[in-house]
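Enquirer: Going by my numbering, the first residue of the sequence shown is number 496, and it counts up by one from there.
All C-beta atoms in this analysis are idealised placements derived from N, C-alpha and C, irrespective of residue type, glycine included.
Following this message is one structure expressed as structure tokens.
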Amino acid sequence: MMRAPKPYIEKYPDGVLDATAYRPACVASVGSGEGSEDCLTLNVWAPATRPSTLLPVRVFLHGGGYQVGTGSDPMVNGCALVSDSDIVQVTLNYSLGVLGFLALPELRDEAAGGTTGNWGLLDQRLALQWVRDNIAAFGGDPARVTLTGQSAGAYSTILHTVMPGSVGLFSAIEPLSGSMDAMAVDFLGDAFFKAGRIVEALNCSAHGYASLADCLMGVPAADLVSAKVAVQRSARDDIIPVVDGVEMPKHPLLMMRDTSIPAVPAFVHATAREGVLEVLDLISDALSYIKDISSASFEELYGVLSYVVPDGETVLAIIQALVPIPEAFVDRFHAQYNNATHGNYLEAAIAAQTDNAYLCTSRRAARAYAKKGAAVRFMVTDMALPPSTCISAIGAGVPGLGVAYLLGAFHGYDLGGSYLMPLSPTYQAFCPYFTDAEKNASAFLAGVSSAFAHTRVPLPPRGRIFQAAATDVLRNLTSWPAWTAASEPTLWFDVNEPHFVDGMATMDKTCKLWDDMWEYMVARGSEFDVPVVDASPPPSAAGRPTGKRPRPRRALRSPPARALRRPPPLRRVPSSSKRT
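Rendered as structure tokens:
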């Protein structure tokens, strides 16, 4: 798209829109670019019986790293939640990757104030404006809109709280596993550098286009995606939202301190092993030594993966492939994440990604909201024991009990539960092995989200399913205090023993490294050790990026070509291990 979206104001044929089927997803910014450019639609679920009063509304933004995803994902089908909890649920599509977030001077949209690179966020805002203007026709209350999302959807949720143009379109937020740091937003110079490499791969000048803007608007979407894929070296090269000076006047860390932007009640979520999928994805070649992953034991899987993370330099290389670690912080990183502090280097890598990209960033946002006087609740979800093979099969794409124990409460673990997935006939038909613990956890997750939508307080959980199936989960959870300057009560949700921990005591020491690192990078205006490009001049007419390239990062070690030695059996590492 690469332009601000415009509302659809034409009349439907015969005054009726056929909304009995989902519309296509937006073009994905991976692979061959599957999807459609005609994709900006939303989905609404409402109770079958219209209530006498307007109901609270939840608007959900899907995840996928800003590169993939759709609001029509069956995991976030709102039917069960709406029927159980008396709310109105909305999901939506937004432009992705190169079509949603490509930033260049030539693409500044003067009709939208000169913004560049944040088209996907503007798509989301247009959907929120539609909800404000139309949701009452579905029984929803436009004055009680909770903006929620998971992963990139959570990043987006946080970003809208600091974008002046989005203020007033929602009255509370519920981000799941995402905040506003390296994977959420780019500095302008870094964004121009990444876009310049894509332009170079397109070779616009050789195809007769009069200008770079004409080329970017004229080439097929699949060609744009192919160019992005061709030059991508790691996840850090993904095209994501940008601090453009217009829609996002300053970095979100600074915008959060702007007292002119009001804060709203927030219910912030994370999971206990957020970083495990991203770490394992980078070393997954080691699993080729296992004949059948789905039947492998935890000990076999863990032993092989531990073998290829033998030292601290490998841990650093893994994390550097995901998020930046400036040279000035490398020694502190090694001191905090090693075999002595976490039992082995594999766990150190998982903890580093969990803390850096999710727990500490979410805590930083929660603290900023609380400092502004907003009522903030924070929750970390752990794995429900005993597990089935279902959640890992559905959420991570890999079945197996050993896999389930290896992953624990991975990134996205709580999403399906929040939409009553283990209690859904559709998913039970696909995987009938959900345990009672997983069903109770799901009822609780959905119940606290619904309660927050209704009352802005997660307890007591709301919903008929929770009342029938999981009231014993509450035990001693009679109240849920909000964060203050002196206290940060954080619910550690182990379905068998949910309890509150002191967020200051458990996270202060761990998060100091990451808090200091992000202050350092925001002050420099770049995530790289040297500025990669001046943010003011455009790429040359030939489409070549200007400025310096980032320093190359150390390559990950590969497992040896010979057969791996079978490591000694390991005891399962509990996913509830607390890190300090």
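Just verifying my parser: in three-state terms, what is the DSSP assignment at arginine 862?
Expert: In this structure, arginine 862 counts as helix in the three-state DSSP scheme.
Enquirer: When we look at the beta-carbon of serine 783 and count the other beta-carbons within 10 Å, is it buried (16 or more) or exposed?
Expert: That one is exposed.
Enquirer: At the level of alpha carbons, what is the spacing between histidine 906 and aspartate 509?
Expert: Cα to Cα, the separation comes out at about 45 angstroms.
Enquirer: What are the complete alpha helix (DSSP H) segments, minimum 4 residues, inside the region 933-1015?
Expert: Runs found: 959-964.
Enquirer: Report the residue ranges of all alpha helix (DSSP H) runs contained in full by the region 864-933; include only those spanning at least 4 residues, in chain order.
Expert: List check, alpha helix (DSSP H) in window: 896-902, 908-913 and 920-925.
Enquirer: To the nearest angstrom, report how far apart threonine 836 and glycine 634 are at their CA atoms.
Expert: Their backbone Cα atoms lie some 53 angstroms apart in a straight line.
Enquirer: To the nearest whole angstrom, what separates the beta carbons of leucine 960 and leucine 918, a pair I think is in contact under 8 angstroms?
Expert: Rather than leucine, the amino acid found at residue 960 in this sequence is isoleucine. Yes, they are in contact, since the Cβ atoms of isoleucine 960 and leucine 918 sit about 6 angstroms apart, within 8 angstroms.
Enquirer: Are three or more beta carbon pairs between the region 740-750 and the region 607-615 nearer than 8 angstroms?
Expert: The region 740-750 vs the region 607-615: in contact.
Enquirer: Does the separation of the CB atoms of leucine 800 and isoleucine 778 fall below 8 angstroms?
Expert: The answer is yes: Cβ separation under 8 angstroms.
Enquirer: Ignore the nearest five residues each way along the sequence and tell me which others in phenylalanine 762's own chain have a CB closer than 7 angstroms to its CB.
Expert: Cβ within range, chain order: Glu669, Arg872, Phe947 and Pro953.
Enquirer: Just to confirm my understanding: we take proline 655, look at its own chain, exclude 5 residues before and 5 after, and list those with CB closer than 6 angstroms. What are they?
Expert: A quick correction: the sequence has histidine, not proline, at residue 655. Excluding residues within five positions, the ones whose Cβ falls inside 6 angstroms are Ser661.
Enquirer: Going by DSSP, name the residue or residues bridged to isoleucine 668.
Expert: Leu642 and Ala761, per the DSSP bridge assignment.
Enquirer: May I ask you to report which of helix, strand or coil DSSP gives tyrosine 503?
Expert: Reduced to three states, the DSSP call for tyrosine 503 is coil.
Enquirer: Return the residue from the list Pro894, Phe828 and Trp625 that minimises the CA-CA distance to proline 927.
Expert: The shortest C-alpha separation from proline 927 is found at Pro894.
Enquirer: Straight-line CA distance for leucine 1077 to isoleucine 504?
Expert: Any property of residue 1077 remains undetermined from this structure, which presents the chain solely from 496 to 1075.
Enquirer: Counting along the chain, where does the alpha helix (DSSP H) carrying proline 551 start and finish?
Expert: From DSSP, proline 551 is part of no alpha helix (DSSP H) but of the beta strand (DSSP E) over 550-556.
Enquirer: Helix, strand or coil, according to DSSP, for asparagine 629 in the structure here?
Expert: Asparagine 629: helix per DSSP, three-state reduction.
Enquirer: Taking DSSP as the reference, what is the three-state secondary structure of asparagine 538?
Expert: In this structure, asparagine 538 counts as strand in the three-state DSSP scheme.
Enquirer: Can you grab the Cα-Cα spacing for the pair leucine 556 / valine 626, in whole Å?
Expert: In a straight line, the C-alpha of leucine 556 is about 13 angstroms away from that of valine 626.
Enquirer: So what's valine 810 in DSSP terms, helix, strand or just coil?
Expert: Note: valine 810 maps to helix in three-state DSSP.
Enquirer: Kindly confirm or deny that the region 630-645 and the region 519-530 touch, where touching means at least three C-beta pairs closer than 8 angstroms.
Expert: With the cut-off at 8 angstroms, the region 630-645 and the region 519-530 do not touch.
Enquirer: So, with DSSP's three-state summary, where would you put serine 857?
Expert: Here serine 857 sits in helix by DSSP.
Enquirer: Assuming tyrosine 914 and isoleucine 889 form a contact by the criterion Cβ under 8 angstroms, report the distance between their Cβ atoms to the nearest whole angstrom.
Expert: Their Cβ separation, rounded to whole angstroms, is 12 angstroms, which puts tyrosine 914 and isoleucine 889 out of contact at 8 angstroms.
Enquirer: Give me the residue from Lys689, Ala686 and Pro600 with the minimum Cα distance to serine 706.
Expert: It is Pro600 whose Cα lies nearest to the Cα of serine 706.
Enquirer: From Cys885, Ser651 and Gln624, pick the residue whose C-alpha is nearest to that of methionine 570; which is it?
Expert: Comparing Cα positions, the closest option is Cys885.
Enquirer: Whole alpha helix (DSSP H) runs in the region 671-700 with 4 or more residues, listed along the chain?
Expert: Counting whole runs of 4 or more residues, the region 671-700 contains the alpha helix (DSSP H) stretches 683-697.
Enquirer: What number of angstroms, rounded off, separates the C-alpha of proline 715 from the C-alpha of arginine 752?
Expert: Proline 715 and arginine 752: Cα-Cα distance of roughly 41 angstroms.
Enquirer: Which class does serine 651 belong to by DSSP, given the choice of helix, strand or coil?
Expert: Here serine 651 sits in helix by DSSP.
Enquirer: Alpha carbon to alpha carbon, how far is proline 805 from alanine 879? Give it in angstroms, no decimals.
Expert: Straight-line Cα distance between these residues: approximately 30 angstroms.
Enquirer: Return the residue from the list Leu775, His764, Phe687 and Leu940 that minimises the CA-CA distance to aspartate 733.
Expert: Measuring from the Cα of aspartate 733, the nearest candidate turns out to be Phe687.
Enquirer: Where do the N-terminal and C-terminal ends of the beta strand (DSSP E) with threonine 586 fall, by residue?
Expert: First-last of the beta strand (DSSP E) with threonine 586: 583-587.
Enquirer: Measuring only the C-alpha atoms, how far is arginine 1048 from glutamine 815?
Expert: With a pLDDT of 35 at arginine 1048, under the threshold of 50, the modelled position of that residue is not reliable, and the figure given next carries that caveat. Computed Cα separation, rounded: 7 angstroms.
Enquirer: Does the separation of the CB atoms of aspartate 586 and glycine 559 fall below 8 angstroms?
Expert: A quick correction: the sequence has threonine, not aspartate, at residue 586. Not a contact, by the Cβ cut-off of 8 angstroms.
Enquirer: For the alpha helix (DSSP H) that threonine 565 lies in, which residues bound it at each end?
Expert: No alpha helix (DSSP H) contains threonine 565, which DSSP labels as neither H nor E.
Enquirer: Please state the DSSP three-state secondary structure of aspartate 579.
Expert: Helix, per DSSP.
Enquirer: Evaluate contact between the region 720-732 and the region 641-654, counting only Cβ atoms and requiring at least three cross-stretch pairs below 8 angstroms.
Expert: They do not touch, by the three-pair rule.
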